[in-house]
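Numbering of the sequence shown is given in the numbering used here, commencing with residue 40 and proceeding in unit increments. Below is one structure, written out as structure tokens; comments come after it.
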Amino acid sequence: MKLDDWNNSAEVYSELPDVSNIEVNYRAILAHLGACEGKTVLDYGCGAGRLAQRMERLGACVTGVDISLPMICIAQKVSQNAGSAVKYIHMPNNSLDFLDSGSFDVVVANLVVMMYSSKESIAQSMREICRVLKRGGRFINVFTHPCFVDRGAHDYRNVFFGGFIYLKEGYAYKFVLRDADGVEVDKDFRDYHYTLTTYFRLTLEAGFDILDFEELGYPEDARATYSIPEEYCTYPLAALIDARKHLR
40 MKLDDWNNSA
50 EVYSELPDVS
60 NIEVNYRAIL
70 AHLGACEGKT
80 VLDYGCGAGR
90 LAQRMERLGA
100 CVTGVDISLP
110 MICIAQKVSQ
120 NAGSAVKYIH
130 MPNNSLDFLD
140 SGSFDVVVAN
150 LVVMMYSSKE
160 SIAQSMREIC
170 RVLKRGGRFI
180 NVFTHPCFVD
190 RGAHDYRNVF
200 FGGFIYLKEG
210 YAYKFVLRDA
220 DGVEVDKDFR
230 DYHYTLTTYF
240 RLTLEAGFDI
250 LDFEELGYPE
260 DARATYSIPE
270 EYCTYPLAAL
280 IDARKHLR
């Protein structure tokens, strides 16, 4: 997704209910994170800071970075109103050169990597993430499940131009978000398709060992709470790679 498009959509995006993200991705991330009292955590691509504040409430010392300055401003305002101490920093490109090497126990990236338009951009971001982690630090990476990206959820749907071809990588597709009333938001959000193989290889090449992999779908209680149609509960919406920076 182009930065200008993201900046122009920041306010709209931050106000959407985002049920699939909160009920599917956040739950899984926090479960993999485990006890985080006193841990230093970097929320890479923090958006409006929803996940960052959740991790802070669990006792983590959280820093959030995002490529969108308007989104960082929204996160700072929300954080201030909530009395949160999360530190938010604008990341003007893929570089985290404003952060010291070995600064964090954990880096979390939620729905970020599929927004990059090339494998090299993903690789660069993963190398930077590895650099700022302490030796043995964790990298929890959640992305739209590429095997089922041609399907959708009750609060979004994906649109492929020319059809979905799994083995063709790096092509853009549009995802259309819906508000709480089911009305589609007229904004041009774009992601890029990569295979699971690519995500695994780039993780390993960046200096990580893979600890776990999980496919994420709606939990039973969320299905009932939000009256989620059965058609959206038969496949995973996202995938999670839990990795560790090399100990050596």
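Cβ atoms here follow ideal geometry from the backbone N, Cα and C, with glycine treated the same way.
Nearest in C-alpha terms to THR273, of all of ARG170, GLY256, ILE128, is GLY256. Taking C-alpha positions only, LYS158 is separated from GLU62 by approximately 29 Å. Counting along the chain, TYR238 sits inside the alpha helix (DSSP H) bounded by residues 235-244. A buried status is given to ILE280, since no fewer than 16 other beta-carbon atoms sit within 10 Å of its beta-carbon. Spanning the alpha carbons of LEU276 and GLY73 requires a straight line of approximately 22 Å.
Under the 8 Å Cβ criterion, the region 142-159 counts as touching the region 171-182, having at least three qualifying pairs. Apart from sequence neighbours up to five positions away, the residues of its chain that approach VAL117 with a beta-carbon distance below 7 Å are ALA87, GLY88, ordered along the chain. Taking C-beta separations shorter than 7 Å and ignoring five residues to either side along the sequence, the partners of LEU138 in its chain run VAL171, following chain order. The bridge partners DSSP lists for PHE178 are VAL146, ALA282.
Taken through DSSP and simplified to helix, strand or coil, HIS129 comes out as strand.
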